[in-house]
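Notes follow the structure.
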Amino acid sequence: MAIPKVAIVGIGHSKYGKRGKIIEEDIEGEKAAYPAVTIRELAHESYFPAIEHAGITNDDVEASVIGIAAEAFAGQGAAAALIADEVGIIGKPTMRVETACATGSTAIRTAWAQIASGQFDVMAAIGVETMTWVSTAYATELMSVAGDHRWEYPYGISFPTFYSLYAARKMAVDGLTRDQLSAVSVKSHYYGYYNKLAHLRRKVSIEDANGAVPIALPLRLYDCCLISDGAATVILANEEKAKKMSSDPLWITGLGCSSDTMRVTDRPNLTNLGGSVRAAEMAYKSSGRSAKDINVAYVHDCFSIAEIMAYEDLGFCERGQGGKWTEERGPYIDGPGVPVNVDGGLKSKGHPLGATGIGQVVDAYKQVFGTAEKQRQVPDAEVALCHNVGQHGQFVNVFILEP
Amino acid sequence: MSEPQLGLVQELSTDVKHRQRMTAEFRKFINGLKEGKFLATECKSCGKKFMPPRFTCPCGGKDLKWFEVNPEGTLYTWSIVHFAPEGIAKKTNVPYAVGVIEFEDNLLLTGHLKGLTSKPKVGMKVKIEPQELDSGDLAYFIKPA
Ligand SMILES: [Zn+2]
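Right, here's the structure in full:
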């Protein structure tokens with residue numbers, strides 16, 4: 025079943041990082057400084073480049089969807105109204121959407137649906153989050169209270185703990201090893217090092233990752249994504265407008281979404297995410313594509329174990345073989361499989377919750393049109409896949425994108 | 028802080044933020060704990076069993092019966108938490124362990140895992156026991172059998 029034609033016609037992406045503080049970087053002699061900012065300026069940083077890229081003005085944007093996962097992080101209620109006002113899309117419908125860490129892709133899916141329905145022709149999906157000004161304990165609290173408040177949270181199950189329950193189970197059932205988990209982080213940091221917009225541009229070794237401080241064993245520091253500030257925007261348009269305004273539209277040719285049980289213990293296994301399997305199946309079916317057609321993929325690597333499960337759930341390797349596939353360099357550009365998270369992923373590029381799913385699509389656009397930094401550019405990439413997960417599979421969106 | 032105080036929070040708690048309303052069904056589970064019983068439910072329409080107990084079934088069934096679960100099982104998976112969320116960090120020292128116990132009928136339940144003398148092992152024999160926290164709340168914990 026083909027889906028209505030809607031394209032990405034403009035992209036914008038802020039620097040991810042500790043944007044509450046001035047960032048100064050010197051990577052291989054290339055010096056850069058980024059100013060300290062709030063959600064207001066971060067929204068500007070991603071939105072204005074996006075409309076400029078689309079070659080339009082605010083007059084052309086008919087409505088907006090704002091992705092912010094937890095308003096408590098910004099201390100601002102009704103934050104969609106604030107962001108829409110800040111960037112100047114005033115007097116036009118706006119709304120905030122929230123599906124935890126999948127908020128960004130849900131903002132795109134919501135805008136897609138409003139265009140596909142025929143209600144609007146051109147829309148903006150803006151995702152933003154400022155997370156670093158709160159303490160790590162409070163940030164962990166804000167993410168952990170999304171566990172079942174009666175049966176999970178009071179037992180001290182933090183957000184990383186959910187994924188560590190998967191990791192320990194997968195080690196026992198599938199023979200997943202510590203080195204295989206670390207190999208994912210090594211890859212993420214390798215590519216993130218070359219991404220100018222990434223939060224933590226530092227190469228790490230298997231030994232660094234194996235010996236890092238424990239967070240929720242079996243998961244250690246380098247198994248866990250970053251807590252970041254950042255924003256990303258895409259401009260979406262229907263077929264008629266997209267063809268008029270853009271010489272390089274990136275079409276959403278496949279779209280899948282799913283969910284899963286609230287409690288981790290109500291699932292049939294803890295070695296994969298059923299929500300990802302179902303969303304991927306729907307996305308492949310709607311696009312007529314399969315895993316072997318994908319040239320570049322962005323998977324939700326909130327934890328190393330999540331990326332390994334995604335390899336299997338999206339069909340890049342056999343079930344139970346995700347760890348082995350990593351060791352065989354399956355997810356590398358010069359490897360035998362599908363290049364995955366060549367932007368650094370949530371691990372190195374960062375994870376500003378509401379922006380993350382949009383940031384994946386922004387980088388997919390760069391890869392498909394060949395404008396990424398050369399060390400991390402996939403040659404001749406045409407078909408891209410983006411996979412964004414909220415919680416541990418309670419919300420999943422998968423997009424297939426093609427020029 | 029000595030023994031971690033981790034578990035179900037009920038009306039007795041002064042921690043308003045994390046208070047759970049005591050629905051009639053939840054009270055039945057808690058009253059079961061008072062008698063040392065772990066109560067689960069089974070759908071009379073499709074036969075599916077639920078722990079924690081559910082009061083409606085995804086099949087559409089609204090008639091569920093209670094049954095008592097054998098508290099002995101095996102360790103399905105585990106975690107040792109070194110960084111606790113702020114609300115939990117106020118109540119307990121780190122690290123603490125979390126386990127998932129697998130009862131008969133493939134029923135799973137998460138809980139605080141106590142009494143470890145070495146690294147937990149998936150498949151090890153464990154059992155679950157009721158526990159009264161210092162707050163007066165009734166909870167349960169998992170320990171090696
Ligand atoms: Zn039923």
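Top line first, the protein sequences correspond to chains A and B. Residues are numbered in our numbering as their position in the first sequence, beginning at 1, plus a constant of 24. Residues are numbered in our numbering as their position in the second sequence, beginning at 1, plus a constant of 27. Note that CB positions come from ideal geometry on N, CA and C, so glycine has one too.
Can you pull the chain A residues whose beta carbon is under 7 Å from the beta carbon of residue i, in chain order?
i, result
"Gly114/B", "Glu165"
"Thr119/B", "Gly180"
"Ser106/B", "Thr185, Ser188, Leu189, Ala192, Ala240 and Leu241"
Chain B partners of residue i, CB-CB under 7 Å?
i, result
"Tyr179/A", "Leu33, Gly34, Val125, Thr137, Gly138 and His139"
"Ser168/A", "Pro112"
"Leu294/A", "Thr104"
Given that residue i touches chain A, what residues does it touch there, using C-beta distances under 8 Å?
i, result
"Val96/B", "Neighbours of Val96/B on chain A: none; closest Cβ ~13 Å, over 8 Å."
With a Cβ-Cβ cutoff of 9 Å, do residue i and residue j count as a contact?
i, j, result
"Arg53/B", "Val96/B", "This sequence places Phe at residue 53/B; Arg is not what is there. Their beta carbons are not under 9 Å apart, which means Phe53/B does not touch Val96/B by this criterion."
"Phe423/A", "Ala307/A", "yes"
"His213/A", "Tyr40/A", "no"
"Ile430/A", "Asn262/A", "The question about residue 430/A has no answer, for chain A in this structure spans 25 to 427."
"Ile113/A", "Ile92/A", "no"
"Glu352/A", "Val392/A", "no"
"Val237/A", "Ser209/A", "no"
"Asn234/A", "Asp203/A", "yes"
"Ala166/A", "Ala96/A", "Looking at the sequence shown, residue 166/A is not Ala but Leu. Cβ distance < 9 Å, so Leu166/A and Ala96/A count as in contact."
"Gly34/A", "Ile75/A", "yes"
"Asp253/A", "Gly44/A", "yes"
"Arg302/A", "Gly278/A", "no"
"Leu135/B", "Thr289/A", "yes"
"Val108/B", "Ala240/A", "yes"
"Pro242/A", "Ile32/A", "no"
"Pro59/A", "Ala255/A", "no"
"Val258/A", "Val320/A", "no"
"Ala169/B", "Gly138/B", "The sequence shown places Ile at residue 169/B, rather than the Ala named in the question. Yes, the pair counts as a contact, with Cβ atoms nearer than the cut-off."
"Gly344/A", "Thr295/A", "yes"
"Leu35/B", "Tyr123/B", "no"
"Thr164/A", "Phe110/B", "yes"
"Gly298/A", "Ser310/A", "no"
"Gly99/A", "Tyr215/A", "no"
"Lys267/A", "Tyr356/A", "no"
"Cys86/B", "Phe77/B", "no"
"Phe434/A", "Ala137/A", "This structure cannot settle anything about residue 434/A, because the visible part of chain A is limited to 25 through 427."
"Met269/A", "Ile80/A", "yes"
Using DSSP bridges, identify the partner residues of residue i.
i, result
"Val152/A", "Ala255/A"
"His411/A", "Val422/A"
"Gln158/B", "Ala166/B"
"Gly278/A", "Ile424/A"
"Thr104/B", "Val127/B"
"Arg120/A", "Ile90/A"
"Trp93/B", "Thr68/B"
"Met147/A", "Ala87/A and Leu260/A"
"Val320/A", "Ala408/A"
"His139/B", "Val125/B and Phe168/B"
"Asp50/A", "Lys55/A"
"Leu243/A", "Ala240/A"
"Gly394/A", "None; Gly394/A has no bridge partner."
"Lys152/B", "Thr101/B"
"Val364/A", "Ala321/A"
"Lys76/B", "Glu69/B"
"Val30/A", "Asn262/A"
"Gly36/A", "Thr257/A"
"Gly369/A", "Answer is none; Gly369/A lacks a bridge partner."
"Ile125/A", "The question names Ile, yet the displayed sequence has Cys at residue 125/A. According to DSSP, which records beta bridges pairwise, Cys125/A is partnered with Thr123/A."
List, in chain order, every chain A residue whose beta-carbon is nearer than 9 Å to that of residue i.
i, result
"Pro79/B", "Asp172, Arg174, Trp175, Arg287, Thr289 and Asp290"
"Val149/B", "Ala192, Arg193, Met195, Ala196 and Val197"
What in chain B is Cβ-close to residue i, meaning under 8 Å?
i, result
"Tyr162/A", "Glu113"
message: Check whether the stretch 101–121 of chain A and the stretch 84–92 of chain A are in contact - that is, three or more C-beta pairs closer than 8 Å.
response: Yes, the stretch 101–121 of chain A touches the stretch 84–92 of chain A.
- prompt: Going along the chain, which residues put their C-beta within less than 6 Å of some heavy atom in ligand 1?
  reply: Here the list is Cys70/B, Ser72/B, Cys73/B, Lys75/B, Cys84/B, Cys86/B and Gly88/B.
- request: Indicate whether the contact test is met: 3 or more Cβ pairs, each with one atom in the stretch 62–73 of chain A and one in the stretch 403–412 of chain A, closer than 8 Å.
  value: Note that the stretch 62–73 of chain A does not touch the stretch 403–412 of chain A; fewer than 3 beta-carbon pairs, one per stretch, sit closer than 8 Å.
message: When you compare the stretch 34–51 of chain A with the stretch 120–135 of chain A, are there three or more beta-carbon pairs, one atom per stretch, that lie closer than 8 Å?
response: The stretch 34–51 of chain A makes no contact with the stretch 120–135 of chain A, as fewer than three CB pairs between them are under 8 Å.
- prompt: If you pair each beta-carbon of the stretch 371–388 of chain A with each one of the stretch 335–342 of chain A, do three or more pairs fall below 8 Å?
  reply: Result no; under three Cβ-Cβ pairs closer than 8 Å.
- prompt: With a cut-off of 8 Å, do at least 3 Cβ pairs link the stretch 109–119 of chain B to the stretch 176–196 of chain A?
  reply: A contact exists between the stretch 109–119 of chain B and the stretch 176–196 of chain A.
- request: Indicate whether the contact test is met: 3 or more Cβ pairs, each with one atom in the stretch 74–90 of chain B and one in the stretch 163–171 of chain B, closer than 8 Å.
  value: Short answer: they don't touch.
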